[in-house]
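Undergrad: Protein sequences appear in the order of chains W and G. Note that our numbering numbers the first sequence so that position 93 is 93, with each residue one more than the last. Note that our numbering numbers the second sequence so that position 88 is 88, with each residue one more than the last. Yeah, the Cβ is synthetic: ideal placement off N, Cα and C, and Gly gets one too. The structure displayed is predicted, hence computed values, not measured ones.
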Amino acid sequence: MLHDAWLIARKDLKLEIRSRVALNQVVPFALLVLVLFAFALDPDRGLLEKATPGLYWIAVLFSGLLAMQRSFAVEAADGVTDALRLSGLAPEGIFLGKTLSVAVQLLVLEVLLGVGVAVLYGTSITGWLLLLATIVVATAAISTAGTLFGVVAAGLRVRETLLPLLLLPVLAPVLIGSTRAFEAALSGTPSEGWPWVGLMSVFAAVYVVAGIFGFGPLMEES
Amino acid sequence: MEHDHPTSRSGTEPVVHLRGAVALLGRFPALAGVDLDVDRRRIVLLRGANGAGKTTLLRALAGLVPISAGEAVVLGVDLRVDRQSVRHRVGLLAHGTGLYDELSVADNVRFWTLAAGAVLADAESAMVRLGLDGRLSDVSVGRLSTGQRRRTSLACLIARRPELWLLDEPHAGLDKEGRDVVDELVRDAAAAGATIILSSHELDRAIDLADEIVTLGGGVALDDSGAGGDGNVA
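#1: Please report how far the alpha carbon of A22 (chain W) lies from the alpha carbon of A21 (chain G), in whole angstroms.
#2: Which residues mark the beginning and the end of the alpha helix (DSSP H) in which R205 (chain G) is found?
#3: Output the distance between the C-alpha atoms of N108 (chain G) and L164 (chain G), rounded to the nearest integer angstrom.
#4: Does the distance from the CB of I158 (chain G) to the CB of V44 (chain G) come in under 9 Å?
#5: Within the 9 Å Cβ cut-off, does H95 (chain G) reach chain W?
#6: Shortest alpha-carbon distance to L96 (chain W) belongs to which of W:L2, W:A118, W:A83?
#7: Let me make sure I understand the geometry here. Which of G:V38, G:G53, G:L24 has the alpha-carbon closest to that of L222 (chain G)?
#8: What do you get for H95 (chain G), buried or exposed, if any count of 16 or more other CB atoms within 10 angstroms of its CB means buried?
#9: For the candidate residues W:G127, W:L186, W:L84, whose alpha-carbon lies nearest to that of G63 (chain G)?
#10: Answer with buried or exposed for P6 (chain G), where buried requires no fewer than 16 other C-beta atoms within 10 angstroms of its C-beta.
#11: Quick check: the region 179-198 of chain G against the region 108-117 of chain G, are there 3 or more CB pairs under 8 Å?
#12: For V140 (chain G), which three-state DSSP category applies?
#13: Can you check which of these residues, G:A116, G:L144, G:E13, G:L216, is closest to R160 (chain G) by C-alpha distance?
#14: Just grab the DSSP bridge partners of A242 (chain G) for me.
#15: May I ask you to report which of helix, strand or coil DSSP gives S87 (chain W)?
#16: Once DSSP output is grouped into helix, strand and coil, what is the label at T134 (chain W)?
#17: So, with DSSP's three-state summary, where would you put E49 (chain W)?
#18: How should E177 (chain G) be labelled, buried or exposed, when 16 other C-beta atoms within 10 angstroms of its C-beta is the threshold for buried?
#19: Tell me which residue opens and which closes the alpha helix (DSSP H) that S199 (chain G) is part of.
#20: Using the Cα positions of L106 (chain W) and G214 (chain W), report the straight-line distance between them to the nearest angstrom.
#21: Starting from A204 (chain W) and walking both ways along the beta strand (DSSP E), at which residues does that stretch end?
#22: Run through chain W and tell me which residues come within less than 8 Å of W112 (chain G), C-beta to C-beta.
#23: With a threshold of 16 other CB atoms inside 10 Å of the CB of S124 (chain W), please say whether the residue is buried or exposed.
#24: How about E16 (chain W) and S101 (chain W): are their beta carbons less than 9 Å apart?
#25: What is the DSSP secondary structure of D175 (chain G), counted as helix, strand or coil?
#26: Can you look up E212 (chain G) in the DSSP assignment and give me helix, strand or coil?
#27: For I135 (chain W) and V174 (chain W), which I take to be in contact (beta-carbon distance under 8 Å), what is that distance rounded to the nearest angstrom?
#28: Bridge partners of W165 (chain G), per DSSP?
#29: Could you work out which residues of chain G lie near A77 (chain W), taking near to mean beta carbons separated by less than 7 Å?
#30: How should R27 (chain G) be labelled, buried or exposed, when 16 other C-beta atoms within 10 angstroms of its C-beta is the threshold for buried?
#31: Inspect the CB distances between the region 35-52 of chain W and the region 145-165 of chain W and report whether three or more fall short of 8 Å.
#32: Taking the alpha-carbon positions, what's the G218 (chain G) to L166 (chain W) distance?
#33: Hey, out of W:Q69, W:S222, W:G188, whose CA is closest to G127 (chain W)'s CA?
#34: What is the residue span of the alpha helix (DSSP H) that V105 (chain G) lies within?
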């Protein structure tokens, strides 16, 4: 299973590096979202500083959706889905591999958005440990749920519009948890943030288990 | 799941054994009761008009289309009970290439080879066999001609060393040299112990290649006719 996961993750990442879709489309989109938030919430009024954690994670979610849609779009092309079914790769390995690939892309995106927030919003970064833990756990939660719902939508003609409708409500707890944890870290009260990290860990664990057992049957139906 | 089934006329366990096999696409019976036995090392040509059920039959034998009625045993696996476990033992050359456009020829062949549990040396030799080594191996599949994509799909298939080859129009899009290579691959695979079922509209070439011919029409096997040998349709 881990061998299969590694094969899929390596293939997906190589594909992204060669196609440069993430670099040319997803990253500019993410930075554009940050800039538009800055235009909408005038930095001089102090509102932007308060809203920074939420805006950051909304930008991550919206940009991450593009990466997740892309992850399954490449499998839908020209008979690749059938080739995957015939490959002998374990479905749980495919799930973990695609999750890992999406997670790596999200992590890169989050680092770039973090730099963007610091530069554009003038946010001073404090509470590094809590911030890093939040990023790791929230990324795991988003990528596991995104991969599971990605395969649900993959076989449908309306997958591009359906995935956000399915996924965004499901990820609401992650958005709330990661925003609260970031607020706690940036306001210098990290003890208030760790319970949210715990909550998101449970969320991620549930979706890892659901993906390992559910991805195969869902892939069969897609 | 292994299945007890009758032996074929040759006295060995057939690689493919279908009796009254029905496959539905939606509510439409794309296969409406097919009877077919294919022995090991045989090359079987499926022929029939468009919509006769050739592609559905090949996909059903690969475990991609469910059999809803009748008997269907492939490589000892009862497809009505378990469609998954036969899949990694068959190689399907379908209408779709099954390739990632953004990856190079070599990346594609290596990925599908390793996914099948084979080793990289198999991928390299498959590329050499299909004339995909050298400069072409680093070209993105999206930039290849139709024939070169077909060769790449074939390289992915042969690197997996499947026991049952299912070839849907394998000559389509290839030049004469490419079609000759396909025929040579098929003959070599059969000599090495594989079983090949192919559909082709290039009947002159395919009839020369085949040991048996099965004609499909309306989702059933209409008759059997010998090519190099007797047909084996029940």
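TA: Judging by the given coordinates:
#1: 46 Å
#2: 203-209
#3: 21 Å
#4: no
#5: yes
#6: W:L2
#7: G:G53
#8: exposed
#9: W:L84
#10: Residue confidence is low: P6 (chain G) scores 49 on pLDDT, short of 50, so the model does not pin down where it sits. Its coordinate-derived value is still stated next. P6 (chain G) should be labelled exposed.
#11: no
#12: Val is not the amino acid found at residue 140 (chain G); the sequence shown has Ser there. Reduced to three states, the DSSP call for S140 (chain G) is strand.
#13: G:A116
#14: Any question about residue 242 (chain G) goes unanswered here, given that chain G covers just 1 to 234.
#15: coil
#16: helix
#17: helix
#18: exposed
#19: Segment 195-199 is the beta strand (DSSP E) holding S199 (chain G); no alpha helix (DSSP H) there.
#20: 23 Å
#21: Per DSSP, A204 (chain W) belongs to no beta strand (DSSP E); it is in the alpha helix (DSSP H), 194-221.
#22: A83, S87
#23: exposed
#24: yes
#25: coil
#26: strand
#27: Between V174 (chain W) and I135 (chain W) the Cβ distance is about 12 Å, and since that is not below 8 Å, they are no contact.
#28: G:G91, G:I196
#29: D101
#30: exposed
#31: no
#32: 41 Å
#33: W:G188
#34: 105-115
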